[in-house]
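Q: Questions regarding the structure given below will be posed in turn.
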Amino acid sequence: MVVFVGENTLFVKPETVNKLLIENKRDASSIRKDELDLNKIEKTLNEQDMIEKSDVFVSIDGVLKAVVKQKTPIARVYDGDRSFYIDYEGNKMPLSDNYTARVPLVSGAINKKNNEDLAALFRTIYDDAFLKKNIIAIQIMPNGSLKMFNRNYNYFIDFGRTMNVDKKFNNYKAFFQKAVLDSSLYKYNKIDLRFTEQVVCTK
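Here's what the structure looks like:
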């Protein structure tokens, strides 16, 4: 028996986990606990690309069970002819045949030098309901600055480098709320957030 915890229950099918659990045997009942190496089974599950953590145990009635937490994708990277997710911990995660996550599409170079800062930025977007809904794409420029794109409007956001991230996003949200009220968002081609004390708009 497999139980998934957390929000992401679509990347790994229960049948896949069951297959790993009982080595292709579908009936996991009446298993003697002393015949199993539960740590080894957990290790096997945790080595799967979509699984963050698992807890494997045998119930009182002898049923092998696994509580599985899957990885959480927070961005999808296009790197040449390759595509993969970045998970919540900042690690690469392969695409799933079962489900496509609605996360920002990222183009440009991600490397050891910028990976940690970018992962923190992606987490900020993922954890914020407004940003998660509105930021659909991020372009990493050769100089390390970022361009972002909004779901419903044609302008792009010149975010600059990954510094003062919270301040810049707070400025953007305050600007957005005001601009929605006076219907001015459609007029702009560029929203510049590089200056932390102000938002500069270009038509």
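Each residue of the sequence shown is one higher than the one before, starting from 1396 at the first, in this note's numbering.
A virtual CB, placed ideally from N, CA and C, is assigned to each residue, including glycine.
Quick check on Q1534: does DSSP put it in helix, strand or coil?
A: It is a strand residue.
Q: Once you ignore the five residues that flank Y1494 on each side, which residues in its own chain have a CB closer than 8 Å to its CB?
A: Once the five neighbours on either side are set aside, the close Cβ partners of Y1494 are L1405 and F1406.
Q: Check for me: the alpha helix (DSSP H) holding I1520 runs from which residue to which?
A: Unbroken alpha helix (DSSP H) run through I1520: N1510 to D1522.
Q: For M1558, which beta-bridge partners are listed by DSSP?
A: DSSP, once it has assigned bridges, lists no residue as partnering M1558.
Q: Less than 8 Å between the C-beta atoms of N1566 and T1597, yes or no?
A: No. Outside cutoff.
Q: Tell me which residue opens and which closes the beta strand (DSSP E) that P1585 is part of.
A: Going by the sequence as given, residue 1585 is Lys instead of Pro. Run containing K1585: K1585 to D1587, per the beta strand (DSSP E) assignment.
Q: Since L1500 sits in a beta bridge, which residues does DSSP pair it with?
A: L1500 is bridged to R1471 and A1532.
Q: For my contact list, M1543 and I1552 are in at a C-beta cut-off of 8 Å; report their separation, rounded to the angstrom.
A: Confirmed, Cβ separation roughly 4 Å.
Q: So, with DSSP's three-state summary, where would you put I1436?
A: Three-state result, I1436: helix.
Q: Starting from D1476, trace the beta strand (DSSP E) both ways and give me its first and last residue.
A: Segment: none, D1476 is in no beta strand (DSSP E) and carries neither H nor E.
Q: For V1458, which of helix, strand or coil comes out of DSSP?
A: In the structure shown, V1458 sits in coil (DSSP, three-state: anything other than H, G, I, E or B).
Q: Does the Cβ of R1471 have 16 or more other Cβ atoms within 10 Å, making it buried, or fewer, making it exposed?
A: So R1471 counts as buried.
Q: With a threshold of 8 Å on Cβ separation, who are the neighbours of R1546 within its own chain once the five nearest residues in sequence on each side are excluded?
A: So the list reads K1528, N1529, I1530 and I1531, once near-sequence residues are dropped.
Q: Pick from G1539, L1580, L1541 and V1560: whose alpha carbon is nearest that of Y1550?
A: Per the Cα distances, L1580.
Q: In whole angstroms, what separates the C-alpha of T1439 from that of L1415?
A: If I take the Cα positions, the gap works out to 8 Å.
Q: Is it true that the stretch 1500 to 1508 meets the stretch 1471 to 1481, where meeting means three or more beta-carbon pairs spaced less than 8 Å apart?
A: They touch, by the three-pair rule.
Q: To the nearest angstrom, how far is it from the Cα of V1412 to the Cα of V1397?
A: Their backbone Cα atoms lie some 7 Å apart in a straight line.
Q: Whole angstroms is fine: what's the gap from F1525's alpha carbon to L1576's?
A: Straight-line Cα distance between these residues: approximately 16 Å.
Q: Can the beta-carbon of F1554 be found less than 8 Å from the beta-carbon of L1513?
A: Cβ atoms of F1554 and L1513: not closer than 8 Å.
Q: Mind checking which residues open and close the beta strand (DSSP E) that includes Y1447?
A: Looking at the sequence itself, residue 1447 is Glu, so the reference to Tyr does not match. Per DSSP, E1447 belongs to the beta strand (DSSP E) from I1446 to V1453.
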